[in-house]
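Notes follow once the structure below has been shown.
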Amino acid sequence: MKAKLIFYKHQKELPIQLQNRSICKFGEIFQDYAEHIDSIYVCYAQPDELQDEREWEKLGSMCYTFVEKNHIAHVEIDGNNCEKINMPAFLEGFYKAGYHFDRYLSSKDRKEVSLKLPKPFENISINAQKAAAAVHVARDICNEPANKLYPTRFADYLTQLFDPTDVEVEIIQSKDLKEKEFYAIETVGKGSEYAPCVAILTLKNSGEDPVALIGKGITFDSGGVNVKTGSVIAEMKMDLGGAAAVIGAMKLLADRNTACHVKAILPMAVNVSGANAYLPSDVIQYRDGTTVEVGNTDAEGRLVIADAILYAQQLGIDRMIDIATLTGNVGQALGLKTAAIYSNDIKLSTKLYKYGQKSGDSVWPMPLEKDYKRYLNSEVADISNMSNHPFAGSITAALFIEHFVKEGTKWIHIDMANTSKIFPSTKLEASGFGTKLLYELIVQREELWDD
């Protein structure tokens, strides 16, 4: 079935027999059945001052949903009024809405929707498809079952994913983690039959100093010995949401041939209880000599992020962004849609709100209240990985990570726990959160870092 998609703003732009059907409200969509080809009318009427890209993206998503629901396989966009549409955002929304995770269904009845555009918009369409594809990669990673995507298989997937691109992939295998001084990652992954590893992705097609992107890649998190007691523990297959966001961003940077120098560090492990699992009261010594008492094995994310930060600084990198599904506590403050951002430079954290608005990944700056660091005191080590206080869990987690950030390093931390799932869906369906945000931060890096 084919259809032509026609944008309109006023009733007078519609055929006379259809004018009474429209109330000219932004996002209104209706179909007119014709003998040879159906017409889908989409209203873009809105105040001229409304420039929110996300509204245009939502319009694209609504159109795709309408088309799919009505079993239309081929859509051609009419050229009239196209110049009045924010076509990059509209098309990105259209292509993103086509995502389905159905690879394990034995019966698949959905069909792909093809889209034909006027020639002037074909390049815009290609760019939009690349953005959607990157987000889909992040969503795929989070949606994969834990028995299908564990650290070594994750590493193999990355090698295949980036093989056609300029991204170099290095995998530090489990047997080499201690030699490379990734002590925390080796420790966190000891309880599982699936060995931990570290993936390092490098995209260098400019002469600038590198920026580090660090993503937590815990492929399943039961809490370890401090086992989680929640009723929806299946969500913990998404505890690699930070790594997924970094991977999606790297794919988009590579696919769009963005001039940049980025080093992505992805610590990957399964945090479960087993014969060799690490225990509360264990002490981990990091490459810089810092000792950490394990107060809770379910606070493993900050342990592996610290490992990656120290490695990046050893490479001489002094600008870094880490992103992780770190604390359920952040949801108490910001709910299930918005991620928390922290930085050792208040100007950086306030800037990120703007990039969140542009990317569609909602973020909000939070305080690094230094007085709360007392809650991380340990009697047997330099610092504990777990607060001894019931409040400000996201802040104390950020303070733990900051402990490993050297003076002179510009650092941003994104606690994206609770945002890995689509909001407000009740289904266990990944959102791809963070992919576009990290991409924007690299593209706008000069403005972000004031370089």
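Going by our numbering, the sequence shown opens with residue 814, and the numbers climb by one from there. Backbone N, C-alpha and C define an ideal beta-carbon position, used for all residues, glycine too. Predicted model, so just to flag it, every value in this text is computed and none were measured.
What is the DSSP secondary structure of residue i, counted as helix, strand or coil?
i	result
residue 1096	strand
residue 1003	helix
residue 1016	strand
residue 1182	coil
residue 856	strand
residue 1226	strand
residue 1024	strand
residue 1010	strand
residue 1064	helix
residue 1255	helix
residue 1080	strand
residue 842	strand
residue 1162	helix
residue 1041	coil
residue 917	coil
residue 990	coil
residue 1120	helix
residue 1212	helix
residue 850	coil
residue 912	coil
residue 927	strand
residue 1197	strand
residue 789	Nothing in the structure corresponds to residue 789, since the chain is present only between 814 and 1264.
residue 1243	strand
Could you give the distance in angstroms between the alpha-carbon of residue i and the alpha-carbon of residue j?
i	j	result
residue 935	residue 1154	36 Å
residue 1071	residue 1018	8 Å
residue 938	residue 905	8 Å
residue 1255	residue 1248	11 Å
residue 842	residue 814	18 Å
residue 1207	residue 931	48 Å
residue 981	residue 880	39 Å
residue 996	residue 1197	16 Å
residue 1221	residue 1172	28 Å
residue 858	residue 1190	58 Å
residue 870	residue 901	8 Å
residue 1097	residue 1082	16 Å
residue 1079	residue 821	47 Å
residue 1136	residue 970	20 Å
residue 1181	residue 907	39 Å
residue 963	residue 957	10 Å
residue 1244	residue 1057	10 Å
residue 1054	residue 855	35 Å
residue 853	residue 872	13 Å
Could you spell out where the alpha helix (DSSP H) holding residue i opens and where it closes?
i	result
residue 1106	Per DSSP, residue 1106 belongs to no alpha helix (DSSP H); it is in the beta strand (DSSP E), 1104 to 1106.
residue 938	935 to 956
residue 1136	Per DSSP, residue 1136 belongs to no alpha helix (DSSP H); it is in the beta strand (DSSP E), 1132 to 1137.
residue 874	866 to 882
residue 1272	Any answer about residue 1272 is impossible in this case: the structure gives the chain only from 814 up to 1264.
Does the Cβ of residue i have 16 or more other Cβ atoms within 10 Å, making it buried, or fewer, making it exposed?
i	result
residue 1126	buried
residue 929	exposed
residue 850	exposed
residue 1009	buried
residue 954	buried
residue 1060	buried
residue 836	exposed
residue 1130	buried
Does residue i get closer than 8 Å to chain B when you measure Cβ to Cβ?
i	result
residue 985	Among the protein chains of the structure shown there is no chain B, as only one such chain exists.
Should residue i and residue j be called a contact, given that it needs their Cβ atoms to be closer than 8 Å?
i	j	result
residue 959	residue 1032	yes
residue 1089	residue 1004	yes
residue 1011	residue 990	yes
residue 950	residue 1041	no
residue 1113	residue 1001	yes
residue 1235	residue 1119	no
residue 1205	residue 1176	no
residue 926	residue 877	yes
residue 1139	residue 1231	no
residue 1091	residue 1104	no
residue 1225	residue 1156	yes
residue 1141	residue 1199	no
residue 1117	residue 1227	no
Return the first residue and the last residue of the beta strand (DSSP E) that residue i is part of.
i	result
residue 1032	1030 to 1034
residue 888	887 to 890
residue 983	981 to 985
residue 1175	Counting along the chain, residue 1175 falls outside any beta strand (DSSP E), and DSSP gives it neither H nor E.
residue 968	Counting along the chain, residue 968 falls outside any beta strand (DSSP E), though it belongs to the alpha helix (DSSP H) covering 964 to 975.
residue 1152	1152 to 1156
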